Amino acid sequence: MELASKYEPQEVESKWYQYWLDNKLFSSKPDNREPYTVVIPPPNVTGVLHMGHMLNNTIQDILVRRARMEGKNACWVPGTDHASIATEAKVVNKLAQQGIKKTDLSRDEFLQHAWDWTHEHGDIILKQLRKLGASCDWDRTAFTMDDTRSQSVIKVFCDLYDKGLIYRGVRMVNWDPQAQTALSDEEVVYKDEHSKLYYLKYRVAEEPERYAIVATTRPETIMGDTAMCINPNDPKNTWLRGKHVIVPLVGRKIPVIEDEYVDIEFGTGCLKVTPAHDINDHALGLKHNLETIDIFNDNGTISEAAGIYVGMDRMEVRKQITQDLQQAELLEKVEDYDNKVGFSERTNVPIEPKLSTQWFLKMQHFADIALPPVMEDEIRFYPSKYKNTYRHWLENIKDWCISRQLWWGHRIPAYYFTAGGKRECVVATSAEEALVKARQQDSTLTAADLQQDEDCLDTWFSSWLWPISLFDGINNPDNQEIDYYYPTSDLVTGPDIIFFWVARMIMAGYEYRGKMPFKNVYFTGIVRDKLGRKMSKSLGNSPDPLDLIDKYGADGVRMGMMLSAPAGNDILFDESLCEQGRNFNNKIWNAFRLVKGWQVTDEAQPKANKIAVEWFAAKLRLVNEELNDQFSKYRISEALMLVYRLFWDEFSSWFLEMVKPAYGSPIDRETFNATLQFFDALLKMLHPFMPFITEELWQHLYERTKGDSIMREKLVIDTPTQTEKQLAEDIEAVKLIVSGVRMVRNQKNISPKEQLTLNVLNHNRYAAYNEIIVKMANLQTIEIVEEKVPDAAQFMVGTDEFAVPVGNLIDIEAEIKKQEAQLAHLEGFLAGIKKKLANEKFVAHAPEAVVALERKKQSDSEEKIAALKESIAELKKK
Numbered sequence: 001m002e003l004a005s006k007y008e009p010q011e012v013e014s015k016w017y018q019y020w021l022d023n024k025l026f027s028s029k030p031d032n033r034e035p036y037t038v039v040i041p042p043p044n045v046t047g048v049l050h051m052g053h054m055l056n057n058t059i060q061d062i063l064v065r066r067a068r069m070e071g072k073n074a075c076w077v078p079g080t081d082h083a084s085i086a087t088e089a090k091v092v093n094k095l096a097q098q099g100i101k102k103t104d105l106s107r108d109e110f111l112q113h114a115w116d117w118t119h120e121h122g123d124i125i126l127k128q129l130r131k132l133g134a135s136c137d138w139d140r141t142a143f144t145m146d147d148t149r150s151q152s153v154i155k156v157f158c159d160l161y162d163k164g165l166i167y168r169g170v171r172m173v174n175w176d177p178q179a180q181t182a183l184s185d186e187e188v189v190y191k192d193e194h195s196k197l198y199y200l201k202y203r204v205a206e207e208p209e210r211y212a213i214v215a216t217t218r219p220e221t222i223m224g225d226t227a228m229c230i231n232p233n234d235p236k237n238t239w240l241r242g243k244h245v246i247v248p249l250v251g252r253k254i255p256v257i258e259d260e261y262v263d264i265e266f267g268t269g270c271l272k273v274t275p276a277h278d279i280n281d282h283a284l285g286l287k288h289n290l291e292t293i294d295i296f297n298d299n300g301t302i303s304e305a306a307g308i309y310v311g312m313d314r315m316e317v318r319k320q321i322t323q324d325l326q327q328a329e330l331l332e333k334v335e336d337y338d339n340k341v342g343f344s345e346r347t348n349v350p351i352e353p354k355l356s357t358q359w360f361l362k363m364q365h366f367a368d369i370a371l372p373p374v375m376e377d378e379i380r381f382y383p384s385k386y387k388n389t390y391r392h393w394l395e396n397i398k399d400w401c402i403s404r405q406l407w408w409g410h411r412i413p414a415y416y417f418t419a420g421g422k423r424e425c426v427v428a429t430s431a432e433e434a435l436v437k438a439r440q441q442d443s444t445l446t447a448a449d450l451q452q453d454e455d456c457l458d459t460w461f462s463s464w465l466w467p468i469s470l471f472d473g474i475n476n477p478d479n480q481e482i483d484y485y486y487p488t489s490d491l492v493t494g495p496d497i498i499f500f501w502v503a504r505m506i507m508a509g510y511e512y513r514g515k516m517p518f519k520n521v522y523f524t525g526i527v528r529d530k531l532g533r534k535m536s537k538s539l540g541n542s543p544d545p546l547d548l549i550d551k552y553g554a555d556g557v558r559m560g561m562m563l564s565a566p567a568g569n570d571i572l573f574d575e576s577l578c579e580q581g582r583n584f585n586n587k588i589w590n591a592f593r594l595v596k597g598w599q600v601t602d603e604a605q606p607k608a609n610k611i612a613v614e615w616f617a618a619k620l621r622l623v624n625e626e627l628n629d630q631f632s633k634y635r636i637s638e639a640l641m642l643v644y645r646l647f648w649d650e651f652s653s654w655f656l657e658m659v660k661p662a663y664g665s666p667i668d669r670e671t672f673n674a675t676l677q678f679f680d681a682l683l684k685m686l687h688p689f690m691p692f693i694t695e696e697l698w699q700h701l702y703e704r705t706k707g708d709s710i711m712r713e714k715l716v717i718d719t720p721t722q723t724e725k726q727l728a729e730d731i732e733a734v735k736l737i738v739s740g741v742r743m744v745r746n747q748k749n750i751s752p753k754e755q756l757t758l759n760v761l762n763h764n765r766y767a768a769y770n771e772i773i774v775k776m777a778n779l780q781t782i783e784i785v786e787e788k789v790p791d792a793a794q795f796m797v798g799t800d801e802f803a804v805p806v807g808n809l810i811d812i813e814a815e816i817k818k819q820e821a822q823l824a825h826l827e828g829f830l831a832g833i834k835k836k837l838a839n840e841k842f843v844a845h846a847p848e849a850v851v852a853l854e855r856k857k858q859s860d861s862e863e864k865i866a867a868l869k870e871s872i873a874e875l876k877k878k
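Going by full-length UniProt numbering, the first residue of the sequence shown is number 1, and it counts up by one from there.
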């Protein structure tokens, strides 16, 4: 195969991805190797690829490809989540465009539309992941509502119900008026709001000329008031003790009750109590035996029970009631007020606390089994700071509201019937089993007498079983696959779903397998733009990942993501990093073409080449040791930087220059073969990060047979010896000597073609490397001298002193001009850095390392500017 002169990622990437698929290189079956299992955090079936998916799946692919190359049986299982609320909303919207309301359809008719939508859109995101290079075992693709997963969910519900851990009851829940369903506490996002505080006048029934003032942020709920509450320890409100007040506009007389729950400092110290619409008010209502009036319909409009504003939207009522209270002179004042308001995580509308009959899972049992493994590092979190977040949630656990008032999802397997004049319920895995159970109470019952619960389960109730259900470990707990692949190895996810998903998978793992679901959890950060803003469609600051891949190639984008992605920290994504990734691809490509273009001779290996080969072999071992250490700590961004520098700096900039033959001359075979072996090792090191270009070049490195792939190649590199460590240290000094000579050329404007002499004062401890120094610095000779030569440019390497006699080699006028141009450039560069560091947003949101790097650039530039000014002044004296 002829290697193209230019790297064309689109052509290379599509070719090799198809090759990997055709040769089943992502496929995994249980065998005698150590398994390495990763389950994909299932993206919503409604979704398309976004930057968060890009980051998450790039990290997973790096870990999976590395494990595969370590000889492990890597199994990365893909799949999608049915996303009850999001999908149902999409289907409802689509039907609305066709003039169809959900209420016009039967449940089965609606579900047919939902399945049609899912089949049409469901695998879009998984196909997009292929463009990224994701090496999933696609034959294992699962869906949270496919048969295996659905049977698992129903079986677990029944089991937990039979254990007494699931119950049904009337509780105060978070209600989403747009989706018209209950939500769990974890699905409520609290946002800072600039609200208003309304001071309402409640006339005192026993003293009609006097008013009690209540401060509230929600005047639209007064129709549900059933008491006013004061703190018994509040002297300013003791006059209200035992009295009644009249609810403004409503005219209902309600009692004044006393409870220490009331905050004396808030507002006037008087609290309106609306038991149906506030969780704390509900508790007060139960304690003081108050009436409960639910004034909201499920869609957030006012119900008949309110008596006024019936049918109006709650937010419109807030505006209208403010005007009406003012007109009735029952509004004392309105103040600006900042508070936190709960919003639905799915629909982004303010939630309503609402009394509702729902299904709940008792969580204390699960908290007790899921806390110790993480606290004791049986399951490791990276970064470990998230252990505290996890502990805090589990120590303050509340029962999980698992029912949703939706049709798309796993229907709750509870069946209702009447027996002996009473409404009864049985829970069973099927209608047939339910009838058998029901007939134990009334033998005359038929299937038609049973009505299944209309609600479905929270989507997370299926995904908490994901590491088990993917291998059918619920339905067939002793099958070969679950025994082999479980527990999985690494989970890569965002910290925002630590409660929704991570904690609950740990709970299910110990409940149903008696062991952890995964050994390590790597938490990614949130992808933000370079100004620190969270990427979103509304801000228009989120690039389309597929456009980036088209522009820079998948390898370039993967590298761009990873260069900005330290574990657990937010990612400041800058498209220029993808450009850096593309440039690195081109660097690798051109280096490969250079090496493969050399003519080879059977002549003896020069001493300089021998040393260079020994040095780079040592360098490979040292870096590989560090690379293994970084991976063991899940410092993947740092691991990539190691390999990047090894290739760009050590291999391309130094090793290839050390061994490169003179123009038109051949290279000795021994050095050439070693160079190809180094290339082979470097490609293997790079492969997990940049799979496409590494496969392409590996295939061109030597003759390969069909089905061969770098993916299945093991990288075996010994640990470095003490001698190799010393050699690597010595060559670092050699590089500084060469750089010193090059700096003199640069400073004195001396042509690179001009052969120079290098003087070493008193003793040359690096004489063994003279051949390399002479070649790399283009020297005529290296001489040991006892004293400094006049007119010599001097530099130090450690404690050793070197000098280059420059004599008449300098063109002073040209040198001044050159240094003045450098000075102007540096001053412009420094101004740019100062401007960036003056940007408070950048300093506040950029990673510490990035800010530190900018500060270092500033100090380095200032030093160079000072040195240049001094040098120019000296030259002008001559």
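Beta carbons are placed, not taken as given, at the ideal position from N, Cα and C, and that holds for glycine.
If you're wondering where the values come from, they're calculated on a predicted model, not measured in any experiment.
Original post:
Would V173 pass as a contact of S356 if the rule is Cβ separation under 8 Å?
Top reply: Position 173 of the sequence shown, counted from the first residue, corresponds to residue 173. Position 356 of the sequence shown, counted from the first residue, corresponds to residue 356. Yes; because the gap between Cβ atoms is below 8 Å, this pair is in contact.
Subject >> 7 Å CB neighbourhood of I279 in its chain, flanking five on each side removed >> reply: In the sequence shown, counting from the first residue as 1, residue 279 sits at position 279. So the qualifying residues of the chain are M172, P353.
**OP:** Give, in chain order, every unbroken run of the alpha helix (DSSP H) that is at least 4 residues long and sits entirely within the region 552-623.
**Re:** 554-563, 575-596
**OP:** Would you mind working out which of A767, L531, E786 sits nearest H845, comparing C-alpha positions?
**Re:** Reading the sequence shown from its first residue, position 845 is the one you call residue 845. Checked all of A767, L531, E786; the closest Cα to H845 is L531.
**OP:** Go through its chain and collect everything with a Cβ distance to V643's Cβ below 6 Å, but skip five positions before and after it.
**Re:** Numbered from 1 along the sequence shown, position 643 holds the residue referred to as residue 643. The answer, listed in chain order, is M685, L686.
Original post:
Nearest to W557 by alpha carbon, out of P543, G540, I264, C578?
Top reply: In the sequence shown, counting from the first residue as 1, residue 557 sits at position 557. According to the sequence shown, residue 557 is Val rather than Trp. Answer by Cα proximity: C578.
Original post:
In angstroms, rounded to a whole number, what distance separates the CA positions of K619 and W654?
Top reply: Within the sequence shown, residue 619 is the residue found at index 619, counting from 1. Within the sequence shown, residue 654 is the residue found at index 654, counting from 1. When only Cα atoms are considered, K619 and W654 end up about 12 Å apart.
Original post:
From A662 to N590, what does the alpha carbon distance come to, in whole angstroms?
Top reply: Translated into the one-based positions of the sequence shown, residue 662 becomes position 662. Translated into the one-based positions of the sequence shown, residue 590 becomes position 590. Cα to Cα, the separation comes out at about 18 Å.
Original post:
Do L55 and T781 have their C-beta atoms within less than 8 Å of each other?
Top reply: On the sequence shown, residue 55 is found 55 positions in, with the first residue counted as 1. On the sequence shown, residue 781 is found 781 positions in, with the first residue counted as 1. Their beta carbons are not under 8 Å apart, which means L55 does not touch T781 by this criterion.
Original post:
Which residues bound the alpha helix (DSSP H) around G269?
Top reply: In the sequence shown, counting from the first residue as 1, residue 269 sits at position 269. Element bounds for G269: n/a, residue is neither H nor E.
Subject >> Exposure label - L727; buried when at least 16 CB within 10 Å >> reply: Numbered from its first residue, the sequence shown carries residue 727 at position 727. Classification for L727: buried.
Subject >> the region 83-103 contacting the region 456-466, beta-carbon criterion three pairs below 8 Å >> reply: At 8 Å Cβ cutoff, the stretches touch.
Original post:
Ordered along the chain, which non-local residues of its own chain (more than five positions away) have a Cβ less than 6 Å from that of I549?
Top reply: Reading the sequence shown from its first residue, position 549 is the one you call residue 549. Answer for I549: K131, V557, listed in chain order.
**OP:** Any chance you could list the alpha helix (DSSP H) runs of at least 4 consecutive residues sitting entirely within the region 796-874, in chain order?
**Re:** 812-838, 840-845
Original post:
What residue from R765, I213, A142, F296 has the CA that sits closest to V334's CA?
Top reply: Position 334 of the sequence shown holds residue 334. Out of R765, I213, A142, F296, I213 has the C-alpha closest to the C-alpha of V334.
**OP:** Consult DSSP for Y386 and reduce its assignment to one of helix, strand or coil.
**Re:** On the sequence shown, position 386 is the one that residue 386 refers to. Here DSSP, grouped into helix, strand and coil, assigns Y386 to helix.
Original post:
When the Cα atoms are used, what is the spatial distance from D649 to I865?
Top reply: Along the sequence shown, one-based indexing puts residue 649 at 649. Along the sequence shown, one-based indexing puts residue 865 at 865. D649 and I865 have their alpha carbons spaced roughly 26 Å apart.
Subject >> Buried/exposed call for Y190, threshold 16 Cβ in 10 Å >> reply: Position 190 of the sequence shown, counted from the start, is the residue given in the question as residue 190. So Y190 counts as exposed.
Subject >> Per DSSP, the bridge partner or partners of residue 881 >> reply: Since the first and last residues shown for the chain are 1 and 878, residue 881 lies out of range.
Original post:
Secondary structure at I62, three-state DSSP: helix, strand or coil?
Top reply: As a first step, residue 62 must be located in the sequence shown, where it is residue number 62. Reduced to three states, the DSSP call for I62 is helix.
Subject >> Contiguous alpha helix (DSSP H) assignments of at least 4 residues, all confined to the region 685-741 >> reply: 691-701
Original post:
Looking only at its own chain, which residues have a Cβ that is under 6 Å from the Cβ of V77, when we skip the five neighbours before and after it?
Top reply: Your numbering for residue 77 matches position 77 in the sequence shown. These residues qualify, in order along the chain: V39, R140, L470.
Subject >> Under 8 Å between C-beta atoms of Y211 and V247 >> reply: Against the sequence shown, residue 211 aligns to sequence position 211. Against the sequence shown, residue 247 aligns to sequence position 247. Going by C-beta atoms, Y211 is not nearer than 8 Å to V247.
**OP:** Could you check which residue in M375, G473, R593, R855 has the C-alpha nearest to that of K6?
**Re:** By 1-based counting over the sequence shown, the position of residue 6 is 6. Of M375, G473, R593, R855, the smallest CA-CA separation from K6 is found for R593.
**OP:** Please work out which residues of its chain come closer than 7 Å, Cβ to Cβ, to S542, disregarding the five sequence neighbours upstream and downstream, and give them in chain order.
**Re:** Translated into positions along the sequence shown, residue 542 becomes position 542. For S542, where only same-chain residues beyond five positions count, the Cβ hits under 7 Å are H50, M51, M535, S536.
**OP:** Just tell me which of V12, I59, E8 has its CA closest to the CA of E638.
**Re:** Within the sequence shown, residue 638 is the residue found at index 638, counting from 1. When each option's Cα is compared against that of E638, the closest is I59.
Original post:
Name the DSSP bridge partner or partners of P35?
Top reply: Sequence index remark: in the sequence shown, residue 35 carries index 35 (1-based). Per DSSP, N73.
Original post:
On the three-pair Cβ rule with 8 Å, is the region 363-373 touching the region 393-409?
Top reply: yes
Original post:
Is it the case that the Cβ atoms of E378 and M516 are separated by a distance below 8 Å?
Top reply: As a working note, residue 378 is residue 378 in the sequence shown. As a working note, residue 516 is residue 516 in the sequence shown. It is a contact, given that the beta carbons lie within the stated cut-off.
Original post:
In terms of residues, what are the limits of the beta strand (DSSP E) holding H410?
Top reply: Reading the sequence shown from its first residue, position 410 is the one you call residue 410. Unbroken run through H410: none, as it is neither H nor E.
Subject >> C-beta contact flag for A733 and V797 at 8 Å >> reply: The sequence position of residue 733 within the sequence shown is 733, counting from 1. The sequence position of residue 797 within the sequence shown is 797, counting from 1. Yes, Cβ-Cβ distance for A733 and V797 is below 8 Å.
**OP:** Given a cut-off of 8 Å, decide if F679 and V595 are closer than it, judged by their beta-carbon atoms.
**Re:** On the sequence shown, position 595 is the one that residue 595 refers to. On the sequence shown, position 679 is the one that residue 679 refers to. Yes, these two residues count as a Cβ contact at 8 Å.
**OP:** Would you mind working out which of V45, F110, T80, Y36 sits nearest A74, comparing C-alpha positions?
**Re:** Along the sequence shown, one-based indexing puts residue 74 at 74. For A74, the nearest C-alpha among the options comes from Y36.
Original post:
Does the separation of the CB atoms of Y634 and Y485 fall below 8 Å?
Top reply: Along the sequence shown, one-based indexing puts residue 634 at 634. Along the sequence shown, one-based indexing puts residue 485 at 485. No. Outside cutoff.
Original post:
Less than 8 Å separating the beta-carbons of I302 and R318?
Top reply: Here the question's residue 302 lines up with position 302 in the sequence shown. Here the question's residue 318 lines up with position 318 in the sequence shown. Not closer than 8 Å, so no.
Original post:
What are the residues that DSSP puts in a beta bridge with R218?
Top reply: For this step, residue 218 is matched to residue 218 along the sequence shown. The partner list for R218 (beta bridge, DSSP) is empty, contrary to what the question assumes.
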